[in-house]
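Inspection log for the structure reproduced underneath, given as structure tokens.
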Amino acid sequence: MQAVLAWVREVWPYLFTVAYVGGAAWVTVDAVLRKRHTPAIVGWVGLAWLAPISGAVAYFLLGINRIQRSASRLDRQSAAGPAAAASRAATVDATARPSVVALPHAGLAGLVRMGDRVTGRPLYEGNRVEPLVDGDAAYPAMLAAIDGASRSVSLVSYIFDNDFAGHAFREALVRACARGVEVRVLIDDVGSRYTKPTMVRELAQSGVPVAAFLPTRVPRLFQYANLRNHRKIMVVDGRVGFTGGMNIRAGHWRGRGPENPVRCVHFRVDGPIVADIQEAFVTDWAFTTGEQLEGERWFAPAQACGPVVARGVPDGPDADIDNLPQLLLGALAVATRRVRVVSPYFLPDDGLLRALQVAALRGVQVDIVMPGRSNVPLMDWATTPQLHWLLEAGCGVYRTSAPFDHSKLFVVDGLWSMIGSTNWDARSLRLNFEYNLECYDRTLAAQLDAIIDDKIAGARRMTRAELDARPFASRLRDGLARLLSPYL
């Protein structure tokens, strides 16, 4: 035994060196060949060489996208069936779109073409989109839709808590199953673990078909886990859709006095675009369970019912990567009058940050609304340094007071809007699966502007003097936190 220990003491430096150099070299090659963004490449390569072995292990665990959905992604026609194909026949012809939405300037026509090319998805005319402010408006509407379902209910949520809000949805879903309605519920594995026992378990025990998206082996790493399904979608009978930024948890139901109230905006959607919303769920469900949902039970024939022209914009670390960031950049580039951004976590990359600055320097009114304090302190620290550059360019930055505002809104020139589940940070824009709607409609934009006006009226406007007056220790802390921005 002593001889073995002596041999180990003699050779371990060489083994350590081989493992260190080999791991760092592997990270370097893999990152250079696979990753698109230079800061991510530099960060991972630097970590691998500066943190012997542990840097390579971290890259293996956190830096590799193991989801190869580009190959397994369902073909739209085969996954959706004939009914969805008929629904897509209602698509607005590309040459007619500018006249349909009465575009005020040619730039938005270019944005329409850009959306076609970036997403590969059509615009649908004839939709109705209704904002639902807080769970007080959203939850009763969603529960009533479930109780009125006759054929199917599909629901995906990042968080589905085991609390009074979650119980209300569980009971409605159980009642739907008892009526013979086909129900499918998909909950992100990390998001399901904020309360115990999880609603995945509770729903399964209640006889509701449910699945967890991408079960993780390290459930304790909640806030910083990647590749999560952050979408919030519900479709009833293939006709009525709900989407936006609202999870299923008690905090959103402010009228019932939750311990930790949260403000947010959700949306009821009717019209041909509901088929696209359902397709996003069908793709995620098939990826998770292998079951393909087809036919009119899940995809009802399209029925035009409103003025909104809309396009579904799925985004995530698979075939849809960078869909949303490119559209956000395009919208900022064509803005001529006003840009308004509401996000609970605001940490855009340098490209989006620079686009906001350029828009303001061109004379566009840029309003950015974010919470005064979020539920992730590290995010708050990392957010602060970039605000100085935005204020210097002429952007208006507003910090809302409690309760925490979880709303996600983006409105351009009183006509174009982007609504859905995405935050303006790296986690939403590159690391998680999201779903948004790109909408062209003046009335909807006016409704969203009114909601944003109300938020700004109760918010505090930031100043450069306020930022400059921060203590040195706070500025240093915030600057160091910002180094982690590609991973927050």
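In terms of our numbering, the sequence shown opens at residue 598 and continues consecutively.
Even glycine gets a Cβ: it sits at the ideal position worked out from N, Cα and C.
Only a predicted model underlies this, so the values are computations on that prediction, with no experimental measurement involved.
Look at Arg725 here: in three-state DSSP terms it is strand. In its chain, beyond the 5 residues on either side, Val961, Gln962, Asp1010, Gly1011 have a beta carbon closer than 8 Å to the beta carbon of Arg934.
Each residue's CA atom was taken as its position, placing Pro911 and Arg776 some 32 Å apart. Tyr1037 sits in a strand when the DSSP states are folded into three classes. Take the alpha-carbon of Asp760 and the one of Arg846: they are about 7 Å apart. Around the beta-carbon of Cys902, fewer than 16 other beta-carbon atoms lie within 10 Å, marking it exposed. Pro968 is bridged by DSSP to Thr997.
Between Glu779 and Ser754, the C-beta spacing is not below 7 Å. When the beta-carbon positions are compared, Ala897 and Gly835 come within less than 7 Å of each other. With the rule of 3 Cβ pairs closer than 8 Å, the region 1057-1076 does not count as touching the region 1018-1025. Taking 7 Å as the cut-off, the beta carbon of His1003 is found closer than this to the beta carbon of Pro941. Contact check for Ser1014 against Ala1042 passes: the beta carbons are separated by less than 7 Å. Pairwise C-beta distances place the region 702-720 in contact with the region 917-925, as three or more of them are shorter than 8 Å.
Inter-segment contact for the region 862-873 and the region 725-733 is present: three or more beta-carbon pairs are separated by less than 8 Å. Excluding sequence positions up to five before and after Ala769, its CB lies within less than 7 Å of the CB of Leu740, Ile743, Asp744, all in the same chain and listed in chain order. Distance from the Cα of Ile650 is smallest, within the candidate group Val639, Arg631, Val624, Gly640, for Val624. Straight across, the Cα-Cα distance linking Arg1039 with Gly842 is about 21 Å. One Cα belongs to Tyr611, the other to Ala603, and the distance between them is close to 14 Å. In the three-state DSSP reduction, His985 falls in the helix class (H, G or I).
In the three-state reduction of the DSSP assignment, Met739 falls in the helix class, which pools H, G and I. Rounded to whole angstroms, the gap between the alpha carbons of Arg606 and Gly619 is 21 Å. Between Ala907 and the set Glu1035, Pro914, Asp731, the nearest pair of CA atoms involves Glu1035. By a beta-carbon distance limit of 8 Å, Ile918 does not contact Phe878. Their separation comes to about 20 Å. In the DSSP assignment, the residues bridged to Trp1021 are Phe943. Counting C-beta atoms within 10 angstroms of its own C-beta, Ser1071 has fewer than 16 neighbours from the protein chains shown and is therefore classed as exposed.
Minimum Cα-Cα distance from Val782 among the listed residues Gly788, Tyr791, Ala765, Ala809 corresponds to Ala809. Annotation: the continuous beta strand (DSSP E) that includes Ile784 extends over 779-785.
Counting only runs that start and end inside the region 882-964, the alpha helix (DSSP H) elements of at least 4 residues fall at 920-931, 947-958.
Excluding residues up to 5 positions away in sequence, Val771, Cys774 lie with their Cβ nearer than 8 Å to the Cβ of Gly804 in the same chain.
CA-CA distance, Val938 to Ala801, rounds to 39 Å.
Here DSSP, grouped into helix, strand and coil, assigns Trp1013 to strand. His764: not part of any beta strand (DSSP E); member of the alpha helix (DSSP H) spanning 761-775, first to last residue. The C-alpha of Arg996 is placed about 29 Å away from the C-alpha of Ala637.
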